[in-house]
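Asker: Submitted below is the structure of interest, expressed as structure tokens.
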Amino acid sequence: MDIQVEHKSGQCVITLNRPEKKNALIPSMYEDIAAAITDASSRDDCHLVLLRGNGKDFTAGNDISTFANASEESIKKTITFMRALMLCKLPVVAEVKGNAIGIGTTLLLHCDFVIASSNTHFMMPFINLGLLPEYASSYILPKTSGYLNAAKWLMLGAPFNANEALDANIVTYVCEPEELTNAVNEVCGQLLNKPRSALIETKALLKNNSQDIAEHMDIELKQFAKALQSDSAKEAFDAFLNKRAINKQIFLK
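Counting the sequence shown from 1 gives a position; our numbering is that position plus 14.
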């Protein structure tokens, strides 16, 4: 199974399980994660959602081999996931390590607690593929991380490390790789010892701008879909899949 879901001790643990592909995401995974989050939110015995990756990585983002030729139905599955995470009423904790690329970074903007290993490599390389920001990242990042950081990461596609993510309010805590599991368990344990109803209401108050974020995400998605059909994006995907240099005459238009 590419997605493993386990309910234990009041937690819904969702594990991305394609370690041989650095947990790169395909449409069916988005569908399964969305279903798991929605189910967790409906259960009275569930206190929180924990997102994690099996193996060395959180996720390398979208699997380019499937994403390059994504159907309208596949895109709908991605959007369903985006909305499920964004609107999840329960606290969402992310355990992050290794690669957190593309949506592997932008989804963290919709989590409540992000605990990252010091070896985490963050990047939002949309511009390098001729694409535009997604998941309301162009709305959230300037507000939480500052315009200059947002421009550096979204207009240059620059990578950044865990400590930079911490300074930019993308990450809650950074720890050494061998301490990651214990650090995540500590945060989850604290949440499990808070009243569930009070946690849900507190999150709702903190997320009082969710309508603005949802509206901006819709604007981004329309522009993203348009960019996906551009000559620049098609050239970037073809070059990546065929392991060749990009034709800059096409890409830079």
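We put the CB at the ideal spot given by N, CA and C, even for glycine.
Here's a check: name, in chain order, each residue in its chain whose Cβ is nearer than 6 Å to the Cβ of Asp71, leaving out the five neighbours to either side.
Answerer: For the purposes of this step, residue 71 is taken as the residue at position 57 of the sequence shown. Counting only Cβ-Cβ distances below 6 Å, and skipping sequence neighbours, we find Lys36, Asn37, Gly112, Asn113.
Asker: According to DSSP, which residues form a beta bridge with Gln25?
Answerer: Within the sequence shown, the letter at position 11 stands for residue 25. Checking the DSSP bridge columns, you'll see Gln25 partnered with Lys22, Leu62.
Asker: Got a sec, what are the start and stop residues for the beta strand (DSSP E) Tyr149 sits in?
Answerer: Here residue 149 refers to the residue found at position 135 when the sequence shown is read from its first residue. No beta strand (DSSP E) holds Tyr149; DSSP gives it neither H nor E.
Asker: Hey, Leu206 and His21: beta-carbon distance below 7 Å or not?
Answerer: Translated into the one-based positions of the sequence shown, residue 206 becomes position 192. Translated into the one-based positions of the sequence shown, residue 21 becomes position 7. No, they are not a contact pair.
Asker: Just how far apart, CA to CA, sit Gly51 and Arg97?
Answerer: Taking the first residue of the sequence shown as 1, we reach residue 51 at position 37. Taking the first residue of the sequence shown as 1, we reach residue 97 at position 83. With the sequence shown as reference, residue 51 is identified as Ile, and Gly is not the correct amino acid for it. Computed Cα separation, rounded: 10 Å.
Asker: Using a Cβ-Cβ cut-off of 6 Å (strictly less than) and excluding sequence neighbours within five positions of Val198, which residues of its own chain qualify?
Answerer: For this step, residue 198 is matched to residue 184 along the sequence shown. Glu109, Ile129.
Asker: Based on DSSP bridge pairs, tell me the residues matched to Met268.
Answerer: Any property of residue 268 remains undetermined from this structure, which presents the chain solely from 15 to 267.
Asker: Using only CA atoms, which one of Cys102, Met137, Thr216, Gly144 lies nearest to Glu249?
Answerer: Within the sequence shown, numbered from 1, the residue matching residue 249 stands at position 235. Minimum Cα distance to Glu249 is reached at Gly144.
Asker: Does DSSP classify Ala197 as helix, strand or coil?
Answerer: By one-based count along the sequence shown, residue 197 stands at place 183. Looking at Ala197 - three-state DSSP - the assignment turns out to be helix.
Asker: On a Cα-Cα basis, can you pick out the residue from Ser42, Ser56, Asp16 that is closest to Lys90?
Answerer: In the sequence shown, residue 90 corresponds to position 76, counting from 1. When only C-alpha atoms are compared, the closest one is Ser42.
Asker: Leaving out five residues on either side along the sequence, give the residues of the same chain with a beta carbon under 8 Å from the beta carbon of Ser79.
Answerer: Along the sequence shown, one-based indexing puts residue 79 at 65. Cβ neighbours of Ser79 beyond the five flanking positions: Leu255.
Asker: Let me confirm a value: Ile233 is counted as buried when at least 16 other C-beta atoms fall within 10 Å, else exposed. Which label applies?
Answerer: Residue numbering aside, residue 233 sits at position 219 when the sequence shown is read from its first letter. Result: exposed.
Asker: Compute the beta-carbon to beta-carbon distance between Leu101 and Ser224, rounded to the nearest angstrom, for a pair I have assumed lies under 8 Å.
Answerer: Counted from its first residue, the sequence shown places residue 101 at position 87. Counted from its first residue, the sequence shown places residue 224 at position 210. Confirmed, Cβ separation roughly 7 Å.
Asker: In whole angstroms, what is the alpha-carbon distance linking Leu180 and Tyr187?
Answerer: Your numbering for residue 180 matches position 166 in the sequence shown. Your numbering for residue 187 matches position 173 in the sequence shown. Looking at the two C-alpha atoms, the distance is approximately 7 Å.
Asker: When the Cα atoms are used, what is the spatial distance from Glu299 to Asp16?
Answerer: The first residue shown for the chain is 15 and the last is 267, placing residue 299 beyond what the model contains.
Asker: Just the C-alpha distance for Phe95 and Ala48, rounded to the nearest angstrom, thanks.
Answerer: The residue given as residue 95 occupies position 81 in the sequence shown. The residue given as residue 48 occupies position 34 in the sequence shown. Each residue's Cα considered, the two are about 4 Å apart.
Asker: For Gly171, which residues in the same chain have their Cβ closer than 8 Å to its Cβ, ignoring the five residues on either side in sequence?
Answerer: Locating residue 171 in the sequence shown gives position 157, where the first residue counts as 1. Counting only Cβ-Cβ distances below 8 Å, and skipping sequence neighbours, we find Met137, Met138, Pro139, Phe140, Ile141, Asn142.
Asker: How many angstroms separate the CA atom of Ser152 from the CA atom of Pro209?
Answerer: Position 138 of the sequence shown, counted from the first residue, corresponds to residue 152. Position 195 of the sequence shown, counted from the first residue, corresponds to residue 209. Going by the C-alpha atoms only, they are around 34 Å apart.
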